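Quick note: the sequence shown uses my numbering, first residue -13, plus one each step. A virtual CB, placed ideally from N, CA and C, is assigned to each residue, including glycine. Computed from a prediction, not measured in an experiment: that's the story for all the values here. Below is one structure, written out as structure tokens; the observations come after it.
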Amino acid sequence: MVARVDRVNSEDDDDLEADLAQVLGYLNFSSGKSDPKTLQAMNRIYACALTGSPYAGMPAWLRMQQWLQDALARLSTSNSTFQEADQVTAVIELMWLYLLPSYLDFHRDLLFHQEPEGIFNGFFLGRAFEAVLQQGGPWTEVDRITEG
């Protein structure tokens, strides 16, 4: 069983869970159209990730990845909406394994002095998710999606 995100109180925990569900729902069903509610949820998740635990010592943008994956694992067993989660699973993988490293590599001449922690905030990650989703499936075409 995956532990819930450790927060200050249960109300904070519930708010974070709701934000994670909002983002995961968007990632699972969206074609990449900008959604202000999802961007707001990404920013709130990022704010929690800056100070939250578990995964202490992990940068906030990587902690967000883990939280999204953990929340998806919980929701896929408890919520029928997430039982078919191929798109969201692929998009999260594409984002953290391919798009973000490729982004840093492509912009290395401009961003060489920046740490990823200073670049990959909630809003940036939300917009990056939009860009990945706008490329559309099949999600196995990593080069096409990352270059797009």
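Name the residue from L96, L48 and K23 whose alpha carbon lies nearest to the alpha carbon of M81.
L48
Is Q69 buried or exposed, if buried means 16 or more other CB atoms sit within 10 Å of its CB?
exposed
To the nearest angstrom, how far is the alpha carbon of A57 from that of A4?
Between the alpha carbons of A57 and A4 lies a gap of roughly 10 Å.
Check for me: the alpha helix (DSSP H) holding S64 runs from which residue to which?
It spans A46 to S64 - the alpha helix (DSSP H) in which S64 sits, taken as one unbroken run.
Leaving aside the five residues before and after A71 along the sequence, list all residues of the same chain whose C-beta is less than 7 Å from its C-beta, in chain order.
N14, L58 and S62
Once the 5 residues before and after T67 are set aside, which same chain residues still bring their CB inside 6 Å of it?
Apart from sequence neighbours up to five positions away, no residue of its chain approaches T67 with a beta-carbon distance below 6 Å.
What do you reckon, are the CB atoms on P45 and E103 nearer than 9 Å?
yes
Beta-carbon separation of L6 and L54 under 9 Å?
yes
Hey, quick one: how far does the alpha helix (DSSP H) through D91 stretch, first residue to last?
L86 to F92
Is the separation between the beta-carbon of V77 and that of V128 shorter than 9 Å?
no
Around the Cβ of T24, are there at least 16 other Cβ atoms within 10 angstroms (buried) or fewer (exposed)?
T24 comes out buried.
By the three-class DSSP mapping on this structure, what secondary structure does E116 have?
Three-state result, E116: helix.
By Cβ distance, which residues of its chain are closer than 7 Å to N29, with the 5 residues on each side in sequence left out?
Setting aside the 5 residues that flank it on each side, N29 is surrounded in the same chain by G108 and F109, each with a C-beta closer than 7 Å to its C-beta; the list follows chain order.
What separation, rounded to the nearest whole angstrom, lies between the Cα atoms of P87 and T132?
10 Å
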